[in-house]
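Chemist: This is the structure I want to talk about, given as structure tokens.
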Amino acid sequence: MTSTEQPTASEPSRGAVTKAVIPAAGLGTRFLPATKATPKEMLPVVDKPAIQYVVEEATRAGLRDVLMVTGRNKAALEDHFDRHWELERALEAKGDLVRLARVRQSTDLGNVHYVRQGEPLGLGHAVLCAADHVGNNPFAVLLGDDLIDERDHLLEAMIAVRQARGGSVIALMEVPPESVHLYGCAAVGPVSQDGGDASVVRVTGLVEKPDPADAPSNLAVIGRYILDPSIFATLANTPPGRGNEIQLTDALQERAASSGAGGGVHGVIFRGRRYDTGDRLDYLKAVVRLAVGHHELGTDFSSWLTGFVAEKDSTAP
Ligand code: UTP
């Protein structure tokens, strides 16, 4: 989309959310050396790469048009969501239908498209790369290394808030004050006096990775967004911010302050299960949690884990 196609004050965008954008072009430096040649979104979480959980979440919420913003390791991501004929034929020939179904799982999910972010200039820049594909419609952004447990329906709740209130919607999570410097952080106020859902708030300000002393709250921005397309015009004029990157948080701060078309930002406070697979420690926790609940491996893995912990405790000095 060109800048001339952005919504104007007389042309607010009120359409349905049908597209998902998944930025997956970051460098993944927190997970080196594993991410030197493999995108962090392709790291396995039990038996699927992290990104497959994210695409599954989008399609569960009805968003079957998925645009992935990729960078230097584009091939692995594209290959994962493409057919693998040789493998499929080999499994068919062996009659191994269980594994054949596993191979096909990722290709049957929806329509996955790709756009390349030439240089990793920041999350805001990655989102801007989706402008042509998205057009003048509200859209979802799901960070490719941030997993929401499939039992929690965060994205659906956020889409409902967008439909009811317009503007953009972000997901917030309470974090300990000493961790707030790792996230974007929101200043919030009540939505209205209509006695509505207490987990929905009006966002009055946003700051990227603040020092704990300057943080406006302990509400951290997590990796799910429903964005009004007016964000593209804002992003195009957003200068590099923290870390010299074009920050989505900075553009959203401006949208939160705007009373024009597509302006206003609401927050949905999420109290469910979230796994950050871009951080080594959180990744290990995600693997253990999801392995314990896995439909095939869970029982055996849980009993092994119980024994392992008991043995470790008994041999502790
Ligand atoms: P992160 O803040 O986790 O950065 O990006 P990163 O570079 O991927 O990882 P570290 O911090 O060096 O370990 C948040 C999300 O935004 C995407 C990432 O792929 C991730 O899903 N991103 C970030 C881009 O797509 N492009 C960018 O330029 C930056």
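No gaps in the numbering here: position 290 of the sequence shown is 398 in the working numbering, and each next residue is one more.
For every residue, glycine included, the Cβ atom is placed at its ideal position computed from N, Cα and C.
(1) Quick check on P152: does DSSP put it in helix, strand or coil?
(2) Got a sec: does the ligand UTP put a non-hydrogen atom nearer than 6 Å to the Cβ of G226?
(3) Hey, is A67 close to the ligand UTP, as in C-beta under 6 Å from one of its heavy atoms?
(4) Per DSSP, what kind of secondary structure is V125 in: helix, strand or coil?
(5) Inspect the beta-carbon positions of P228 and G297 and report whether they are closer than 7 Å.
(6) Look up T178 in the DSSP assignment and give the residues it is bridged to.
(7) Under a CB-based cut-off of 7 Å, is D421 close to chain D?
(8) Which residue from N244, G136 and L356 puts its Cα closest to that of N345?
(9) Just how far apart, CA to CA, sit R191 and L236?
(10) Mind pulling the beta strand (DSSP E) runs of 3 or more residues that sit fully within the stretch 362 to 391?
(11) What whole-angstrom Cβ distance do S276 and I330 have, given they're in contact under 8 Å?
(12) Distance, Cα to Cα, L327 vs D216?
(13) According to DSSP, is V400 helix, strand or coil?
(14) In whole angstroms, what separates the C-alpha of Y203 from that of E404?
(15) Mind checking which residues open and close the alpha helix (DSSP H) that includes S422?
(16) By the 10 Å Cβ neighbour count, where 16 or more other Cβ atoms means buried, how is R197 classified, buried or exposed?
(17) Does DSSP put F247 in a helix, in a strand, or in coil?
(18) For V153, I'd like the list of residues in its chain whose CB is within less than 8 Å of its CB, leaving aside the five on either flank, ordered along the chain.
(19) Go ahead and label N219 buried or exposed: buried means 16 or more other beta carbons lie within 10 angstroms of its beta carbon, across all protein chains shown.
(20) Near T110, what residues of its chain come up, given a Cβ to Cβ distance below 6 Å and the 5 sequence neighbours on each side ignored?
(21) Answer with buried or exposed for V373, where buried requires no fewer than 16 other C-beta atoms within 10 angstroms of its C-beta.
Modeler: This is what the structure holds:
(1) Counting from 1 along the sequence shown, the entry for residue 152 is found at position 44. Under the three-state reduction of DSSP output, P152 falls in the strand class.
(2) Your numbering for residue 226 matches position 118 in the sequence shown. Incorrect: G226 has no Cβ contact closer than 6 Å to the ligand UTP.
(3) The chain is shown from 109 up to 425; residue 67 falls before or after that span and cannot be answered.
(4) Locating residue 125 in the sequence shown gives position 17, counting from the first residue. V125: coil per DSSP, three-state reduction.
(5) Stepping through the sequence shown from its first residue, residue 228 is reached at position 120. Stepping through the sequence shown from its first residue, residue 297 is reached at position 189. If you check the CB distance, P228 and G297 do not come in under 7 Å.
(6) If you number the sequence shown from 1, residue 178 lands on position 70. According to DSSP, which records beta bridges pairwise, T178 is partnered with A132 and R224.
(7) In the structure shown, chain D does not exist; there is a single protein chain.
(8) Working through the sequence shown from its first residue, we reach residue 345 at position 237. Looking from the CA of N345, the closest CA among N244, G136 and L356 belongs to L356.
(9) Indexing the sequence shown from 1 puts residue 191 at position 83. Indexing the sequence shown from 1 puts residue 236 at position 128. In a straight line, the C-alpha of R191 is about 29 Å away from that of L236.
(10) Taken in chain order, the whole beta strand (DSSP E) runs of length 3 or more contained in the stretch 362 to 391 are 373 to 377 and 382 to 384.
(11) Position 168 of the sequence shown, counted from the first residue, corresponds to residue 276. Position 222 of the sequence shown, counted from the first residue, corresponds to residue 330. Cβ-Cβ separation between S276 and I330: approximately 15 Å, too far for a contact (criterion under 8 Å).
(12) Start at 1 with the first residue of the sequence shown, and residue 327 comes out as number 219. Start at 1 with the first residue of the sequence shown, and residue 216 comes out as number 108. Rounded to the nearest angstrom, the gap between the Cα atoms of L327 and D216 is 36 Å.
(13) Start at 1 with the first residue of the sequence shown, and residue 400 comes out as number 292. When secondary structure is reduced to three states using DSSP, V400 falls in the helix class.
(14) Stepping through the sequence shown from its first residue, residue 203 is reached at position 95. Stepping through the sequence shown from its first residue, residue 404 is reached at position 296. In the sequence as displayed, the identity of residue 203 is Gly instead of Tyr. Counting only the Cα atoms, E404 lies some 20 Å from G203.
(15) By one-based count along the sequence shown, residue 422 stands at place 314. Taken as a continuous stretch (DSSP letters only), the alpha helix (DSSP H) holding S422 covers G406 to T423.
(16) Position 89 of the sequence shown, counted from the first residue, corresponds to residue 197. It counts as exposed.
(17) For this step, residue 247 is matched to residue 139 along the sequence shown. Strand at F247.
(18) Walking along the sequence shown from the start, residue 153 turns up at place 45. Excluding positions up to five away in sequence, the list reads Y161, L255, Y383, T385, Y391, A394, V395 and L398.
(19) What you label residue 219 is simply residue 111 of the sequence shown in a count that begins at 1. Classification for N219: exposed.
(20) Sequence index remark: in the sequence shown, residue 110 carries index 2 (1-based). Here T110 scores only 40 on pLDDT, less than 50, and its place in the model should not be relied on; the value that follows carries that caveat. In its chain, beyond the 5 residues on either side, no residue has a beta carbon closer than 6 Å to the beta carbon of T110.
(21) On the sequence shown, position 265 is the one that residue 373 refers to. Around the beta carbon of V373, 16 or more other beta carbons lie within 10 angstroms, which makes this residue buried.
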